[in-house]
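What follows is a set of notes on a single structure, which appears directly below.
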Amino acid sequence: MPSNVNVRGMLFLSLTVVGVPGNMAVIVAFLLLVLQESWLLAADAIVLHLSCTNLLVVLVRCLMETLASFHLANVFGDVGCKAVIFIYRTSRALSIWLTFLLSAYQCLSIAPPGSKWASVRILVAQNLPIVFLFLWVLHTSTSAGAILFSVSSKNGTAVTTSAVNLEFCYVNFPSDIIKEVYGAIQVSRDVVPMALMTLTSLIILVLLYKHSQHLKGLRGAGHAGSGTCGSKQRAAKVVVVLVTIYVVLYGVDNGLWVYTLTVRHTMSSSLISDLRVFFASLYAALSPLVIIASNRKVNSRLRCVAQEKPLLGKTAHLRSI
């Protein structure tokens, strides 16, 4: 087995090992919260949906790439290539837009009480299922090119000079014009939420700074600071961290994609495409770690599960005696 395939397999294996249990832990924690309280806050529902899409990214792309790199399963026939790339592109785009939705909603949540933005936040919370449905329809439709152009690299299909090498698959664009149009759509789909979430994060930081200055003024005047907004501020800081990770990793991803669109031939090596997929999937693997470390609801539920396991073991041992 070529050494570069070994390295490729190990990189995607590392993302799988971190991303699958991490996202599953977040999902389990929120499902336990639903069972206990029978409902979720809008922000929690967005995080749960984000974790589901991130899990899909890791399972569909990283796990499949790992299995193929180590010849453990032959998943990249023509149908497999179309399915994997289509689901990956859809879930990847959903992950991006859900991160923006989370940052926008958190920005609305810490806006001054009584402002017009409070009614907007309530409207978004009430129509969250419709927002989710809209995002699914939008991104499945804009990812349809993966079904049209993806073919396996193993069946000897003749490819054009406009094709993109993905190691086990080719994205076989019929012409340079179609490749550039499709690429521009994909870049726009990423850059728009990136700009918007960067703006919302800056607004969050400004609001947090103003609030901290206000609390300092209250303490200086001898008044006790209110702790009612503490959880919203912590959540806002977590969102800023997630957005920062996103902008860095997906910025690299989109830079590499633009490079792919500008070079004349992209069939000689899959290195650039591999790096793009790795950096994009790295967000799906790292974001649950940030959520677990910072979200008190997730943290407390996971601690309860961890503490119940040894107790159940002791109970079973006593019963056997």
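Quick note: the sequence shown uses my numbering, first residue 34, plus one each step. The beta-carbon is built from N, C-alpha and C at its ideal position, and this holds for glycine as well.
Can you list the beta strand (DSSP E) stretches of 3 or more residues lying completely in the segment 176-221, in chain order?
183-185 and 202-204
So what's I236 in DSSP terms, helix, strand or just coil?
I236: helix per DSSP, three-state reduction.
Skipping 5 residues on each side, what residues in its chain have a beta carbon closer than 7 Å to that of V291?
V220
How long is the line joining the alpha carbons of G260 and R222, rounded to whole angstroms?
With a pLDDT of 47 at G260, under the threshold of 50, the modelled position of this residue cannot be trusted; read the value that follows with caution. Between G260 and R222, the C-alpha separation is close to 39 Å.
Tell me the DSSP secondary structure of A106 in three-state form.
coil
Less than 8 Å between the C-beta atoms of A179 and I129, yes or no?
Going by C-beta atoms, A179 is not nearer than 8 Å to I129.
My output table needs one value for G55: the three-state DSSP class, helix, strand or coil.
helix
What is the rounded straight-line gap between the Cα of Y203 and the Cα of K115?
10 Å
Which residue wins for smallest C-alpha separation from S84, given the options F63, F103 and T99?
Nearest C-alpha to S84: F63.
For S71, which three-state DSSP category applies?
Taken through DSSP and simplified to helix, strand or coil, S71 comes out as coil.
Give the range of the alpha helix (DSSP H) segment to which S327 is assigned.
L304 to S327
Below 8 Å CB to CB, which residues in the same chain sit around G110 once its five sequence neighbours on both sides are set aside?
S185, K187 and N188
Roughly how many angstroms lie between the CA atoms of L46 and V153, to the nearest whole one?
Between L46 and V153, the C-alpha separation is close to 42 Å.
Return the Cβ separation of L127 and T99 in integer angstroms, given the expectation that the two are a contact with Cβ distance under 8 Å.
Between T99 and L127 the Cβ distance is about 22 Å, and since that is not below 8 Å, they are no contact.
By alpha-carbon positions, which one of V93, L135, T293 and T49 ends up nearest to V197?
T293
Could you tell me whether the segment 39-55 touches the segment 88-104, where touching means 3 or more Cβ pairs closer than 8 Å?
Segments in contact, yes.
Would you decide whether L304 is buried or exposed? Buried here means 16 or more other CB atoms lie within 10 Å of its CB.
exposed
In the structure shown, what three-state DSSP assignment does S148 receive?
coil
Do L135 and A76 count as a contact pair if the criterion is CB distance below 8 Å?
yes
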